[in-house]
Structure formats: C-alpha cells, structure tokens
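Asker: When you line the sequence shown up against my numbering, it's residues 1 to 187, in that order.
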Amino acid sequence: MITMKDIIKEGHPTLRLTAEELPIPVSPEVKQLGKDMLTFLINSQDPELAEKYQLRAGVGLAAPQVNQSIRMIAVHIPGIEEGIDEPILSTVMINPKIVSHSVQNACLAEGEGCLSVDRDVPGYVPRHSRVTVTYYDLEGNKHKKRLKNYPAIVVQHEIDHINGIMFYDHINEESPYYLEEGMDVIS
Ligand SMILES: O=CN(O)CCNC(=O)c1cccc(Cl)c1Cl
Ligand code: NI
1 MITMKDIIKE
11 GHPTLRLTAE
21 ELPIPVSPEV
31 KQLGKDMLTF
41 LINSQDPELA
51 EKYQLRAGVG
61 LAAPQVNQSI
71 RMIAVHIPGI
81 EEGIDEPILS
91 TVMINPKIVS
101 HSVQNACLAE
111 GEGCLSVDRD
121 VPGYVPRHSR
131 VTVTYYDLEG
141 NKHKKRLKNY
151 PAIVVQHEID
161 HINGIMFYDH
171 INEESPYYLE
181 EGMDVIS
C-alpha cells in the first residue's frame, strides 16, 4: 500500500518533469499502481486508517508524486455528507487531456495544498472554472468529462503534476490574494 514515505517532496527532480504518455491498454503494473493510488486517497480520508498509517488527507494524487513519471492521476472527491453518499468523482485517469475550458477562471477560497509540499503556501491559485477532460480508464475505455467547481480544480492540480507544475507556480507573488477580473472564488 502507498504511505507517506512513498511520496516525494518538492526539490525532487521528478516533480518538475513532463511525464510520459502511456500506451493503451496499460500494463498490469501500471493498472496496479493506479488502483493503489486511488486506495491511498480513500485511506487518507478515513480517520482511523489515516491515524493508523499517519496519512495526510488528499483528494487527488498524480503518479509523479510516487516517483513514477507517467501520465496517470487518481481523484477521490467525497460527497458533501462524508461517507454517507456517493463520492462526487472517484476515478483513475490515464493520459488525461484538457480539450476545452471556460474563459472564466476560478480558485478555492482556502487556496490549495499538496502532499509533495510540507509547508503552507497561502494565496489564490487561478485555474479554469470549467474544463472538458478526455482520459482512458484502467480498462482502456476512453472517457470525456465536463467538470466545474471543486472537481475541476482538483483535476487541474493533478494534471499540473504530470506537466511538472506545482500549485504555487500560479500564485501571484506580489499579491497572493489578487483577484483577477471575473474570478470565481469557490468555498
Ligand atoms: O496532488 C495532490 N495532492 O498533492 C494531494 C494533497 N492535496 C489535495 O488533496 C488538495 C488540497 C486542496 C486543493 C486541491 Cl486542488 C488539492 Cl488536490
Ligand atoms: Ni499535489
């Protein structure tokens, strides 16, 4: 199982690489890694397991964060009523690609955090408010999803990772809470 010791931290060169596209269908090893990444997220959101294995909670994870420079991400975004209803989005995306996006930008009111960054980096992270993403699942099926709000933000954070981008690269250095015209602040 993936635990915090498997997650590389900022300064590790792999986090700044552009990850390799994967041939479809993926190998059994890549399939297993994808499943392990999703399981990590589910475990990290379970208070008992998180405590037991000292996991920091995450709603997304990208393969480069476990030192695999391949274009695979996992997202597990719980429903509002934690544990009661279906997660909003729970899947592994292979070769995810933003094929279109809104002109409008959005950011999370609380900013963003990253398991590969052991420090708080305050500030708004401007991203596309809405995205259309194509990707392959672990079985090799192609999908196209239109995302908005929190799921759209999380998927963009993960796709950044496979392109060697960290969330704080987007924060305005002079004025971290600068709000661009028309920016949607998501809370
Ligand atoms: O790349 C994934 N991580 O680093 C996992 C930890 N961060 C989060 O779960 C997280 C927290 C806040 C906003 C966003 Cl967008 C994300 Cl993604
Ligand atoms: Ni991250």
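Think of the CB as a built atom: it goes at the ideal place given N, C-alpha and C, for glycine as much as any other residue.
What did DSSP end up calling N163 once you bin it into helix, strand or coil?
Answerer: The answer is coil: DSSP assigns N163 none of H, G, I, E or B.
Asker: For A152, which residues from the same chain have a beta carbon less than 8 Å from its beta carbon, with the 5 sequence-adjacent residues on both sides left out?
Answerer: Around A152: A106, R127, H128, S129, R130, V131.
Asker: Measuring alpha carbon to alpha carbon, tell me which of E51, H12, T134, D120 ends up nearest M72.
Answerer: That would be T134, whose Cα lies nearest to the Cα of M72.
Asker: Based on the DSSP output, what are the partners of E20 in its beta bridges?
Answerer: DSSP output for E20 lists I70 as bridge partner(s).
Asker: Sorted by chain position, which residues of the same chain lie with C-beta nearer than 7 Å to Q68's C-beta, five sequence neighbours on each side aside?
Answerer: These residues qualify, in order along the chain: L33.
Asker: Thinking C-alpha only, which one of H12, E48, M166, P64 is nearest M37?
Answerer: Here the closest residue by C-alpha is P64.
Asker: For the segment 51–58 and the segment 22–31, state whether three or more C-beta atom pairs, one from each stretch, are separated by less than 8 Å.
Answerer: The segment 51–58 vs the segment 22–31: no contact.
Asker: Over what stretch of residues does the alpha helix (DSSP H) that includes K35 continue unbroken?
Answerer: Segment 28–44, the alpha helix (DSSP H) holding K35.
Asker: May I ask which residues mark the beginning and end of the alpha helix (DSSP H) holding K52?
Answerer: It spans 47–53 - the alpha helix (DSSP H) in which K52 sits, taken as one unbroken run.
Asker: Can you tell me the Cα-Cα spacing of T18 and G79, whole angstroms?
Answerer: So the alpha carbons of these two residues sit roughly 32 Å apart.
Asker: Mind checking who D184 pairs with in its DSSP beta bridge?
Answerer: Bridge partners of D184: A106.
Asker: Whole angstroms is fine: what's the gap from L61's alpha carbon to L89's?
Answerer: Each residue's Cα considered, the two are about 13 Å apart.
Asker: Looking at C-beta atoms only, is the number of pairs between the segment 157–176 and the segment 109–124 that lie closer than 8 Å three or more?
Answerer: A contact exists between the segment 157–176 and the segment 109–124.
Asker: What residue range does the beta strand (DSSP E) around H101 cover?
Answerer: Looking at the DSSP string, the run of the beta strand (DSSP E) that includes H101 is 89–101.
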